[in-house]
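Residue numbers (the working numbering), protein chains in the order written: chain A, 93 to 400; chain B, 424 to 693; chain C, 144 to 391. Worksheet: one structure, shown below.
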Ligand SMILES: Nc1ncnc2c1ncn2[C@@H]1O[C@H](COP(=O)(O)OP(=O)(O)OP(=O)(O)O)[C@@H](O)[C@H]1O
Ligand SMILES: [Mg+2]
C-alpha cells in the first residue's frame, strides 16, 4: 500500500515544483519586459540620457557576439541581432498602445456606468441606451473607425485644447472610436452585474431613507461593479488587442510600426512573432493586474456565488 | 511575392494623405439643404452606393462564407480542446491550454498576418473552384483563434455539468468515455449556446480585419469603392455597417431561437 | 379612540391590480405600544407594514403618524423613512459593507453625520444588540441570528420613533431565534414603539399590548393578547391559532 502511494506523491511534488519554476520564469520575463519598456521610455523622454534616442538599450553587436559564442545558438545570432535592432520601434509603439488602451478604457467606463444604470433603471432612456449598445456591438470596430476617420474626417476637427497632445491628432480619433465602442461593451457587462444585485438591497436602502439614486450609488453600484470585474477584465484584454486596429487609420501604435518595418525588410516571420509576444505580454500583465484588483476589493460572500 | 497585405496597408497610408474625404461640415450642410432631416449624405453618392450593390453583395457573401468556415473550424478544433482541458492531464492538457493562452492573447490582425506570410498557406484547388491563399489564411487565422475561445466556452460548460451526472452514467455501466459522450456532452452543448452566440458575432465582425491581408470581403470592397469615389466615403461605410448590423442581428435572433428551442426545462438558468 | 394616538390607521385599502389585498384595515397605537399583526400567509400583513413607511402605496384610507398624514402626496417619503425603522424577514443587509458599515450608512448619507460620528453611533447600536465583537465582519461571515441583529442595529441607528418588524425570525434556524427575540424584548423594555409581524405566539403574548388578526385583507379581530389568544370571538381566529400552535 505504502509503496503504491509513493510514486503518486512524488509525481505531484514534481509537478508542483515544475509549476513554481514556470511561475518564476514568467515573473522574471515580466520584470525584464517591463524594465526594458520603462527604461526605454524614460530614455526617450529625457532625450537619450542612456543611449541615443532610437538606439537599442544594448548594442546589437554585443548580442550577436554573445549568441555566436554559444554553440547551439550561433545559428540564431543574426536573428537575435535583428530583434534587438527592432526594440526601439517596439517600445515606441507599445507606449502609444498602452496610452490609447488606458485612456479609452477609462473614458469608456465613465460613459458605461450611466449607460448601464439607465438601461436597468430608466424608462425612455433605457431604450436609447439599448439602441446605442446594440448598434455599436452589432457592427465591426474597424468599420466604426473608418466612419470616424474616412467618413467624418474627424482628424481635422480635433479641438485645439487637446490637439497636439500626441504627435498626430489622429490618435484622438482612435481614442474616440475605442471609447464609444468600449462603452457599449462595458455597459453590457455592468448591466448584467447590476441586474444580479438582489432586489432586497434596494428595498433596504429605500427603507433607511436613501433616495433611489442614492441607493443605486451607495448600495447597488459598489456590489454590481465588483461582480463586473471578471467580465470587465475581458474587455480590458480585448481593448489591448483591438487597439491594433488603430494602425489601419494611420495611428503609429505597436502594430502599425512593426508592420512598417516588415514591409521594408520583408522579415514578416520574426517581426510578427515578436509583435505577437509583445501584445501577449501586455495582455497577461493586464489580466494579472486585474486579478490583484479583484483580490484587493473582494468582500467575503460577494461574488462567491459566481464561482459555482 | 507581391503581397496584397502590403498593398492594403500602402493604400491605407496613402489614403491618409489623399483622401481628406467626406467632410463633417459638408455632410451636415447637405442635411440642411436636402430638407430631409433623416437623410445623411448626398443623393448622388447614395446612387453610387446602390449602383455597386452587387459588388458589395458578393463581399457580404464572402463575409458570411468566411464566418461559417471559421466557426466550423473553430468548433472542430475547439470542442476537443475544451474536453482535453477538462478531462485531460499531463503534457497534452498543458500544451493545449498554452496554445490557447497565446491565441487569445494576440491581436487577430497579427494572427492573420502570421498565417498569411509565415505559415504561407497555399492556394487550394478544388477543381471547380479554387480558394485563394488569402481566404485560406483568413479561415485558418479566424478559425484557430475562434477555437481558442470556443474551447473556453466548452470547458466552462463541461465543468458546469454536475459530477453526479457522470457518476449516474457510470452506475448504469457506461464507460467513462461513454458517460461523458452520452450524458455530459449533450447537456454541455446546450449550456454553451449563449457563449457560442457571442463567439459567432465576434467572428462575424472580425472577418472585417482580413482587410489586412487584402481579402476582398465586405469591408475591403467598401474600402475599394470609396477610394474610387471619395465623396461617397460616409455613404459607403454606413451602407456596409448596416449590412453587418443586419447580419449580426439576424444571427443573434436565430441563435436565440435555437437556445429557446433546445433549452432544458429549468436548471438552465442556474 | 383618542386624538393623541401615535399611529392611527383608518380604513386603509390597497389593490394589486384587481386584487384587493387590504380591505379597510383600521387599528391604532399609543407611543411605546407594541402591536403584533398575525394572520395566514398572503393575508396582507407585510403589505400593511410596508404601507406605513410607503414601501407600498395604499390607495384609500388614512395613516396618521404623530399627527401627520403618511399617505399625503406632499409628504417627503425619505423624511418619513428616516423616522420609521424597518427590519426584514430576509435581513437585506448591504452585502458589500461590514456590520458597522451597514449601521453607519444611514446616519452618514441620510442624516449627514460625519464619518466618525456615524461610526460611533453604529458601534453603539451594535453594542446594544450584543455584537460588540463583530464590528468589522461582513454579512457573509455572520450567522443568521447575528445578521438579523445587525439589521435591527441598522434600523436603530437612525433613531426611529417607530420600528416595523416583518417576520424577523422566520428565516432563522430554531436555535438562533432566541437571540433576536431577546434583543426585541430589550427594545420593548426601553419603551420603543413597535409594529411587529410574527408567528412567535409566545413572544406576542408576552410583549404585545394589542394583537391584530388579519385574514384575506380584513381585520377579523383585535384585542389584548389574553383575550384574543384565550377567548377568540371569531371562529376564524380560533382555527388559525389552533393551526399555528399545533405546528410549534
Ligand atoms: N408586489 C406585489 N405585486 C402583486 N401582488 C402582491 C405584491 N406583494 C404582495 N402581493 C399580494 O398581496 C397579498 C398579500 O401579500 P403579503 O405579502 O402582504 O402577505 P403576508 O400576509 O405578508 O404573507 P406572508 O405571511 O406569506 O408573508 C398576496 O396575495 C400577495 O400575492
Ligand atoms: Mg409577509
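The beta carbon of each residue, even a glycine, is placed where N, CA and C say it ideally should be. Note that the structure is predicted; figures quoted are calculated from it, not measured.
Closest residue to residue i among the options (Cα-Cα distance)
| i | options | result |
| --- | --- | --- |
| residue 278 of chain C | C/241, C/296, C/340 | C/241 |
| residue 277 of chain A | A/379, A/249, A/121, A/224 | A/224 |
| residue 316 of chain A | A/279, A/237, A/286 | A/286 |
| residue 267 of chain C | C/298, C/213, C/204 | C/298 |
| residue 273 of chain C | C/361, C/328, C/305, C/238 | C/328 |
| residue 628 of chain B | B/474, B/485, B/469 | B/485 |
Cβ-heavy atom distance, residue i to ligand 1, below 7 Å
| i | result |
| --- | --- |
| residue 185 of chain C | yes |
| residue 164 of chain C | yes |
| residue 159 of chain C | yes |
| residue 156 of chain C | no |
| residue 178 of chain C | no |
| residue 292 of chain A | no |
Alpha-carbon to alpha-carbon, residue j and residue i
| i | j | result |
| --- | --- | --- |
| residue 319 of chain C | residue 366 of chain C | 29 Å |
| residue 454 of chain B | residue 466 of chain B | For residue 454 of chain B, the predicted structure reports a pLDDT of 46, less than 50, and the residue's modelled location is therefore unreliable. A value from the coordinates is still provided. Approximately 11 Å, taken between the alpha carbons. |
| residue 456 of chain B | residue 321 of chain A | Legend: pLDDT at residue 456 of chain B = 47, less than 50; position of this residue unreliable, value from coordinates given subsequently. So the alpha carbons of these two residues sit roughly 48 Å apart. |
| residue 498 of chain B | residue 568 of chain B | 11 Å |
| residue 189 of chain C | residue 525 of chain B | 56 Å |
| residue 246 of chain A | residue 268 of chain A | 10 Å |
| residue 274 of chain A | residue 663 of chain B | 21 Å |
| residue 580 of chain B | residue 542 of chain B | 32 Å |
| residue 294 of chain C | residue 371 of chain C | 30 Å |
| residue 292 of chain C | residue 225 of chain C | 19 Å |
| residue 329 of chain A | residue 394 of chain A | 24 Å |
| residue 565 of chain B | residue 535 of chain B | 7 Å |
| residue 185 of chain C | residue 359 of chain C | 7 Å |
| residue 369 of chain C | residue 386 of chain A | 57 Å |
| residue 303 of chain C | residue 337 of chain C | 10 Å |
| residue 192 of chain C | residue 199 of chain C | 9 Å |
| residue 381 of chain A | residue 150 of chain A | 29 Å |
| residue 599 of chain B | residue 582 of chain B | 15 Å |
| residue 272 of chain A | residue 228 of chain A | 8 Å |
| residue 326 of chain C | residue 510 of chain B | 53 Å |
Cβ of residue i within 8 Å of any chain B Cβ
| i | result |
| --- | --- |
| residue 272 of chain A | no |
| residue 333 of chain A | yes |
| residue 323 of chain A | no |
| residue 112 of chain A | no |
| residue 347 of chain A | yes |
| residue 360 of chain A | yes |
| residue 243 of chain A | yes |
Beta carbon of residue i nearer than 8 Å to that of residue j
| i | j | result |
| --- | --- | --- |
| residue 682 of chain B | residue 617 of chain B | yes |
| residue 354 of chain A | residue 341 of chain A | no |
| residue 633 of chain B | residue 489 of chain B | yes |
| residue 218 of chain A | residue 210 of chain A | yes |
| residue 394 of chain C | residue 350 of chain C | Past the boundaries of the shown model lies residue 394 of chain C; chain C is included only from 144 to 391, so the question cannot be answered. |
| residue 89 of chain C | residue 309 of chain C | Summary: the structure shown does not reach residue 89 of chain C, with chain C confined to residues 144 through 391, and so no result is reported for it. |
| residue 220 of chain C | residue 339 of chain C | no |
| residue 588 of chain B | residue 505 of chain B | no |
| residue 645 of chain B | residue 625 of chain B | no |
| residue 208 of chain C | residue 269 of chain C | no |
| residue 378 of chain C | residue 364 of chain C | no |
| residue 193 of chain A | residue 335 of chain A | yes |
| residue 368 of chain A | residue 533 of chain B | yes |
| residue 378 of chain A | residue 332 of chain A | yes |
| residue 247 of chain C | residue 262 of chain C | yes |
is_contact[residue i, chain A] using C-beta, thresh 8 Å
| i | result |
| --- | --- |
| residue 529 of chain B | yes |
| residue 231 of chain C | yes |
| residue 525 of chain B | yes |
| residue 671 of chain B | yes |
| residue 249 of chain C | yes |
| residue 664 of chain B | yes |
Any non-hydrogen atom of ligand 2 closer than 7 Å to residue i Cβ
| i | result |
| --- | --- |
| residue 358 of chain C | no |
Minimum Cβ-Cβ distance from residue i to chain C less than 8 Å
| i | result |
| --- | --- |
| residue 284 of chain A | no |
| residue 185 of chain A | no |
| residue 391 of chain A | yes |
| residue 182 of chain A | no |
Q.
I need the residues with a C-beta less than 7 Å from some heavy atom of ligand 3; please give them in chain order.
A. In the structure on display, ligand 3 does not appear, and the ligands it does have are ligand 1 and ligand 2.
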